[in-house]
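Q: The number in the numbering used here is simply the position in the sequence shown, starting from 1, with 99 added.
In this text, a Cβ means the ideal position worked out from N, Cα and C, and glycines have one as well.
Before we start, here is the structure in question, set down as structure tokens.
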Amino acid sequence: MPAKYEEQLQEILHEAIQEHNYDRAEQAVHHMRNLERMEAFIAGEDISYPERNGAEAVVPGENGLVDLSAPTVSFREQPRVNGNNIPAGRGRETLLLYYIEEEGLLKFKKAPQTYAVSVDFFRTFLQNLVSWENKSPFSSKDYFEAFGDSLKEKSTYQASTLRQFITLLFRYCVKLDILEKPEVHQRSRYILADNISVEEIIDYIKEHRILQM
Numbered sequence: 100m101p102a103k104y105e106e107q108l109q110e111i112l113h114e115a116i117q118e119h120n121y122d123r124a125e126q127a128v129h130h131m132r133n134l135e136r137m138e139a140f141i142a143g144e145d146i147s148y149p150e151r152n153g154a155e156a157v158v159p160g161e162n163g164l165v166d167l168s169a170p171t172v173s174f175r176e177q178p179r180v181n182g183n184n185i186p187a188g189r190g191r192e193t194l195l196l197y198y199i200e201e202e203g204l205l206k207f208k209k210a211p212q213t214y215a216v217s218v219d220f221f222r223t224f225l226q227n228l229v230s231w232e233n234k235s236p237f238s239s240k241d242y243f244e245a246f247g248d249s250l251k252e253k254s255t256y257q258a259s260t261l262r263q264f265i266t267l268l269f270r271y272c273v274k275l276d277i278l279e280k281p282e283v284h285q286r287s288r289y290i291l292a293d294n295i296s297v298e299e300i301i302d303y304i305k306e307h308r309i310l311q312m
């Protein structure tokens with residue numbers, strides 16, 4: 100019976116991604132995780148998905164379906180651990196990132212908000228981050244004050260909404276190991292990680308289409 104449910108959930112997930120129904124795709128992933136936990140419990144095994152400081156690629160298998168047992172893929176060969184992980188079961192949140200090839204869009208979802216921007220917008224956002232390399236730690240507020248006007252031209256969001264979105268993007272960048280905390284901790288301030296390649300990050304997102312963090 101679990102195998103039948105897994106097959107049905109795979110089909111639902113695949114259809115939801117194709118139809119850009121991301122709420123349903125997120126629910127399918129959630130139920131597949133629970134099904135895997137249930138099977139492990141019955142088998143007397145210990146399985147968990149601890150909160151990590153990295154992005155997990157929801158890896159498509161044959162026929163575009165998803166293999167949740169596949170290893171995590173990172174655009175870095177050796178992902179960083181920034182030391183600010185949230186303990187499992189406490190303050191947990193799920194960030195989802197989708198690449199919509201047909202429309203050239205990226206969708207960033209943290210319930211209940213969903214933001215959609217062009218790949219060019221995100222490329223410019225990352226290029227602006229890279230320009231801050233080797234400078235003092237900075238916050239999303241600092242970033243918005245420096246680069247907000249240039250990003251307004253590439254989106255339809257009002258200034259207040261764009262400001263909120265950039266704050267959320269900083270959280271994504273921490274999960275993706277693009278930003279990290281400085282050695283001397285400063286609240287809500289970050290530095291750029293070493294050896295960041297804008298195109299490498301974008302290619303990684305395009306390749307995997309859906310990331311769960």
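1. As a quick exercise: from Phe-224, Leu-195, Asn-133, Tyr-104, pick the residue whose alpha carbon is nearest that of Asn-120.
2. With distances taken between CB atoms, is the gap from Thr-193 to Gln-109 smaller than 8 Å?
3. Less than 8 Å between the C-beta atoms of Leu-261 and Thr-223, yes or no?
4. Pull the bridge partners of Lys-70 from the DSSP assignment, please.
5. Between the Cα of Lys-103 and those of Tyr-214, Lys-280, Leu-134, spot the shortest distance and give me the residue it belongs to.
6. Give me the residue from Gln-212, Glu-200, Glu-244 with the minimum Cα distance to Ala-258.
7. What alpha helix (DSSP H) runs, 4 residues minimum, are completely inside the stretch 230–288?
8. Can you list, in chain order, the residues of its chain with a C-beta nearer than 7 Å to that of Tyr-198? Leave out the 5 residues immediately preceding and following it.
9. Identify the residues that DSSP records as bridge partners of Leu-108: which are they?
10. Just to confirm my understanding: we take Gln-285, look at its own chain, exclude 5 residues before and 5 after, and list those with CB closer than 7 Å. What are they?
11. Tell me whether Asp-122 is buried or exposed, calling it buried when 16 or more other Cβ atoms sit within 10 Å of its Cβ.
12. Please report the distance separating the alpha-carbon of Gly-57 from that of Asn-233.
13. Out of Phe-221, Gln-212, Met-137, which one is the CA nearest neighbour of Glu-298?
14. What is the rounded straight-line gap between the Cα of Glu-106 and the Cα of Glu-252?
15. Is DSSP giving Leu-310 helix, strand or coil here?
16. Which one of Leu-275, Trp-231, Ala-215, Val-216 has the shortest CA to CA distance from Ile-290?
17. Counting C-beta neighbours from all protein chains within 10 Å, is the total for Glu-279 16 or more, i.e. buried, or is it exposed?
A: According to the structure data:
1. Leu-195
2. no
3. no
4. Any property of residue 70 remains undetermined from this structure, which presents the chain solely from 100 to 312.
5. Leu-134
6. Glu-244
7. 239–251, 258–274
8. Leu-205, Ile-304, Lys-305, Arg-308
9. BP columns for Leu-108 are empty, so no partner.
10. Pro-236
11. exposed
12. In the structure displayed, the chain extends from 100 to 312; residue 57 sits before or after that span and is not available.
13. Phe-221
14. 44 Å
15. strand
16. Trp-231
17. buried
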